[in-house]
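The structure appears right after this line, and notes come after that.
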Amino acid sequence: MRREGGCLCGAVRYAVLGRLREILVCHCLECRRWAGRAWAATAARAAELEIDCSDGLAWVRSPRSARRAERGFCRSCGSSLLWRAPGSETVAVAAGSLDDTAGLRVAAHIWVSQATPWDPPPPGMPAYPHGYPAAAPPLSWG
Ligand SMILES: [Zn+2]
Ligand SMILES: [Zn+2]
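According to our numbering, the sequence shown holds residues 51 to 192 in order.
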């Protein structure tokens, strides 16, 4: 399955050639600063992510990240698009930047210890105080 997405201005377009992971909604302070509120991210395998016009894409270090993560955004319009960490085989992709989001569902909210009072996880939704726990159900790729 091929899915495409991109930034607001169109300078950055990408295609995911394989499966996408269920969405995690991250409430950590860095995602909030970056996206304006909790950031909803699916993920792609790095080898299956093709970025068109990649000089339109800039990467910034996520300053507090224990995983030394970087965040990818459009140089022209600033859209928050990608998150990657050294050694990871996957790249997180802003779920809202996909052209067609059909079939994606939210698996859980994470880092809710840093959630704002006005943007809490919905009732009944799995929510974790920090990252997605190793003991939680494996995330599915559809
Ligand atoms: Zn743009
Ligand atoms: Zn986060």
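Glycine residues also receive a C-beta, built at the ideal position from the N, C-alpha and C atoms.
- Taking 8 Å as the upper bound for CB-CB distance, Met-175 and Ala-158 are in contact here, some 7 Å apart.
- Every residue whose Cβ sits closer than 5 Å to any heavy atom of ligand 2 is listed here in chain order: Cys-76, Cys-78 and Cys-81.
- Within the model, the alpha-carbon separation for Asp-169 versus Ala-93 is close to 22 Å.
- Around ligand 1, the residues whose beta-carbon falls short of 7 Å from at least one of its heavy atoms are Cys-57, Leu-58, Cys-59, Gly-60, Ala-61, Val-62, Gly-106, Cys-124, Ser-126, Cys-127 and Ser-129, given in chain order.
- Spanning the alpha carbons of Gly-146 and Val-62 requires a straight line of approximately 14 Å.
- Residues Cys-76 and Cys-81 of the same chain have their beta carbon placed closer than 6 Å to that of Trp-89, with the five preceding and five following residues left out of the count.
- In this structure Ala-119 is in contact with Arg-134, their Cβ atoms being roughly 7 Å apart against a cut-off of 8 Å.
- Counting only runs of at least 4 residues, the region 56-137 fully encloses the following alpha helix (DSSP H) elements, listed from N- to C-terminal order: 79-85.
- Distance from Leu-189 to Arg-71 at the Cβ level is roughly 5 Å; contact confirmed, criterion being Cβ atoms closer than 8 Å.
- Comparing C-alpha distances from Arg-53 to each of Arg-114, Gly-128, Pro-167 and Ala-144 shows the shortest one belongs to Ala-144.
- Excluding the 5 residues flanking it on each side, Gly-181 has same chain C-beta neighbours closer than 8 Å at Ile-160 and Trp-161, in chain order.
- The C-beta separation of Ser-130 from Arg-117 comes to about 18 Å, leaving the pair out of contact by the 8 Å criterion.
- In its chain, beyond the 5 residues on either side, Ala-94, Ala-96, Leu-99, Leu-132 and Arg-134 have a beta carbon closer than 6 Å to the beta carbon of Val-141.
- Taken in chain order, the complete beta strand (DSSP E) segments of 3 or more residues contained in the region 137-182 are 140-144 and 156-160.
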